[in-house]
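Residue numbers (this note's numbering): 53 to 134.
A virtual CB, placed ideally from N, CA and C, is assigned to each residue, including glycine.
Worksheet: the structure to be examined is printed underneath.
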Amino acid sequence: MVRILDTGVQPDRSSRDAIVKYADGTVDIYFGPSAPSGKPKSNWIQTLPGNGWFSYFRLYGPTQAYFDRSWVLPDIEPFVSN
Numbered sequence: 053m054v055r056i057l058d059t060g061v062q063p064d065r066s067s068r069d070a071i072v073k074y075a076d077g078t079v080d081i082y083f084g085p086s087a088p089s090g091k092p093k094s095n096w097i098q099t100l101p102g103n104g105w106f107s108y109f110r111l112y113g114p115t116q117a118y119f120d121r122s123w124v125l126p127d128i129e130p131f132v133s134n
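In structure tokens:
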């Protein structure tokens with residue numbers, strides 16, 4: 053069964069959103085029940101404590117690096133807010 057979380061926050065992000073990017077074009081996205089302090093709220097996706105979640109990524113117009121597998125999506129890494 054699939055449920056949409058009623059958190060009042062948009063549950064997805066895309067390259068068309070006002071996501072804060074680094075100078076090299078990379079992006080950090082934060083998942084958690086509350087936005088991490090000192091990080092852009094636009095890069096945060098809210099989760100609900102005690103509920104499972106998963107992420108998936110869509111690539112629109114991938115380049116050759118995707119097809120020849122020289123580019124690999126990095127693993128999700130834990131972030132501990134200070």
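Beta-bridge partners assigned by DSSP to Tyr82: Trp96. Nearest neighbour of Leu125 by Cα position, chosen from Ala87, Pro92 and Leu111, turns out to be Leu111. Distance from the Cα of Pro130 is smallest, within the candidate group Pro114, Gln116, Arg121 and Pro88, for Pro88. Using a Cβ distance threshold of 9 Å, Ser94 and Ile128 do not count as a contacting pair. The region 91 to 105 and the region 113 to 124 do not touch, with fewer than three beta-carbon pairs separated by less than 8 Å.
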